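Going line by line, the protein sequences match chains A and B. Going by full-length UniProt numbering, 88 is the number at position 88 of the first sequence; the sequence numbering is gapless. Going by full-length UniProt numbering, 6 is the number at position 6 of the second sequence; the sequence numbering is gapless. Ideal Cβ placement from N, Cα and C applies to all residues, glycine included. No experiment lies behind these values; they were computed from the predicted model shown.
There are 2 protein chains.
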Amino acid sequence: MADSALTAEQILRAAEEVLRRYGPSKATVVDVARALGVSHGSVYRHFATKAALRAAVTSNWLERAHAGLAEIAESDTPAPQRLHEWLTALFAAKRRKAFEDPEMFATYQSLEATTSEPVLAHIERMVGQLARILTDGVAAGQFTAADPLVTARAVWDATDRFHNPVHSGSWDQPGVQDAFEAVCSLVLAGLATAGTEPRRPPRRR
Amino acid sequence: MADSALTAEQILRAAEEVLRRYGPSKATVVDVARALGVSHGSVYRHFATKAALRAAVTSNWLERAHAGLAEIAESDTPAPQRLHEWLTALFAAKRRKAFEDPEMFATYQSLEATTSEPVLAHIERMVGQLARILTDGVAAGQFTAADPLVTARAVWDATDRFHNPVHSGSWDQPGVQDAFEAVCSLVLAGLATAGTEPRRPPRRR
DNA sequence: AAGCTGACAGATATTGAAATCTGTCAGCCC
DNA sequence: GGGCTGACAGATTTCAATATCTGTCAGCTT
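Here it is as structure tokens:
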């Protein structure tokens, strides 16, 4: 019956729980199956590989973790403040997750290390939201950016230290918040003027 | 006699060779001693611990690897071009080392992971050179930066993706050079105007 | 006496055998 | 028949025994 059918939904929930309890290095699909009271073969009916299952769980988690960002990106706050707010919210969310949900964060981190598809998709989404803010800013004459998408990627790269999980180890050190603000200011100042005109093809020297 | 005396110099040379041959995870101080034809106890007369020896070798190597940067930092090229040149040279040097001298690069990388003293000193030196360029730029009216040292650190952070060894895995991918130029442009544009005034959204224009 | 050696204790790494896990699939059950 | 099971092969991980390494030091050598 439909009631007793094993759904992908259920598997995802159980897998997240298992990952949270054991961490990415210890969690097995046998554990997930056991938590659901089914044989591990059933899990493979819904997810082709363990990696795919982990990716789906992480993707889910990432979506929830960054729920508020899209709203900020689409608010009608002036673009400069909006960008600052968005970056601050992103950094805060990452930090909070790293601290409060370490096992899931480690899972995300291990996924990132392999540059897998869902992480790339997530980055695309994030860069897309940045591009949205930039486009609005350009329209309002607050920003200059020849190609908002390229510039958005530059902003993403420039703030890497504050959202890339490989740097999470330094997020609890004293100076980070100041460092973050300094980079924000630099980036905002850069957007206010020239944008990302590839200045003078680097003449060989 | 003085001729046969074991010097720290000799040990450093031998240790670098051993590190280069075996890599940081396999090289032992017994190997170093063997290469010198002495007992490993002698090595400890000159370096208190294996970590200290590795740090000294890496420090040495780092110094040589970035020899040209100081000259660029102190040249009389206009600050904006000089900064671009410096960042480009830094990125090129890192990339070259990662590719041509992988074992020593891995050694450096493992040192960096522990945020040890010599790496911190090296970063200080790099940020100092950036600050020098910034100060010159401010004096010439090309840059705005309330506190050049703080701004230098922001420039260092913003370009992290192109000099931090944790990112070396992405340095051989197609788009990096463009990404680097885009971040450079953003940073240079930011320096041209507001510098690092803590979040004062540009309202003019 | 300054510098080196070699033996030592405790920590770390290597190894290979046993256990567990991943992914597949023929067959069972609802 | 669609979905689940349980047994299986090959890959990976665990574990404990063994070997090697790090750091110390008493004593030898020159």
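What did DSSP end up calling residue i once you bin it into helix, strand or coil?
| i | result |
| --- | --- |
| Gln173 of chain A | coil |
| Pro148 of chain B | helix |
| Gly141 of chain A | coil |
| Ala5 of chain B | coil |
| Phe47 of chain B | coil |
| Ser25 of chain A | coil |
| Asp31 of chain A | helix |
| Thr135 of chain B | helix |
| Val119 of chain A | helix |
| Ser110 of chain A | helix |
| Asp76 of chain B | coil |
| Val38 of chain A | coil |
What are the start and end residues of the alpha helix (DSSP H) that includes residue i?
| i | result |
| --- | --- |
| Lys97 of chain B | 79-100 |
| Lys50 of chain B | 50-65 |
| Arg161 of chain B | Run containing Arg161 of chain B: none; DSSP gives neither H nor E here. |
| Ala8 of chain A | 8-22 |
At the level of alpha carbons, what is the spacing between residue i and residue j?
| i | j | result |
| --- | --- | --- |
| Gly190 of chain A | Val127 of chain A | 17 Å |
| Ala62 of chain A | Ala121 of chain A | Note that residue 62 of chain A is Leu in the sequence shown here, rather than Ala. About 11 Å. |
| Ser42 of chain B | Pro174 of chain B | 48 Å |
| Gln10 of chain B | Leu90 of chain B | 29 Å |
| Arg153 of chain A | Phe180 of chain B | 10 Å |
| Gln177 of chain B | Asp136 of chain B | 27 Å |
| Asp160 of chain B | Ala113 of chain B | 14 Å |
| Gly45 of chain B | Ala35 of chain A | The sequence given here places Arg at residue 45 of chain B; Gly does not occur at that position. The straight-line gap from Cα to Cα measures roughly 57 Å. |
| Val29 of chain B | His40 of chain B | 6 Å |
| Asp76 of chain A | Pro148 of chain A | 18 Å |
| Arg95 of chain B | Val138 of chain B | 30 Å |
| Ala51 of chain A | Ala14 of chain A | 15 Å |
| Thr151 of chain A | Ala131 of chain A | 8 Å |
| Asp157 of chain A | Pro165 of chain A | 13 Å |
| Phe47 of chain B | Gly37 of chain B | 17 Å |
| Ala5 of chain B | Leu12 of chain B | 14 Å |
| Pro24 of chain A | Ala70 of chain A | 28 Å |
| Ala65 of chain B | Ala140 of chain A | 46 Å |
| Leu87 of chain B | Leu188 of chain B | 11 Å |
| Glu85 of chain A | His163 of chain A | 14 Å |
| Val155 of chain B | Leu186 of chain B | 10 Å |
| Asp101 of chain A | Ala55 of chain A | 17 Å |
| Ser110 of chain B | Ser116 of chain B | 10 Å |
| Ile123 of chain A | Asn60 of chain A | 14 Å |
| Pro80 of chain B | Asp31 of chain B | 47 Å |
| Arg125 of chain B | Val119 of chain B | 10 Å |
| Gln142 of chain B | Lys97 of chain A | 41 Å |
| Gln129 of chain B | Leu53 of chain B | 27 Å |
For residue i, does the count of other Cβ atoms within 10 angstroms reach 16, so buried, or fall short, so exposed?
| i | result |
| --- | --- |
| Lys26 of chain A | exposed |
| Pro78 of chain B | exposed |
| Thr58 of chain A | buried |
| Val183 of chain B | buried |
| Arg200 of chain A | Because the pLDDT at Arg200 of chain A is just 44, under 50, the model does not fix this residue reliably, and the value given afterwards should be weighed accordingly. That one is exposed. |
| Arg82 of chain B | buried |
| Asp172 of chain A | exposed |
| Phe99 of chain A | exposed |
| Ser168 of chain B | buried |
| Thr144 of chain A | buried |
| Ser170 of chain A | exposed |
| Leu67 of chain A | In the sequence under discussion, the amino acid at residue 67 of chain A is Ala, which differs from the Leu named in the question. Classification of Ala67 of chain A: exposed, given that the 10 Å Cβ count is below 16. |
| Ala73 of chain A | buried |
| Ala192 of chain A | buried |
| Ala8 of chain B | exposed |
| Ala33 of chain A | buried |
message: Quick check: the region 102-114 of chain B against the region 4-24 of chain B, are at least 3 beta-carbon pairs closer than 8 Å?
response: yes
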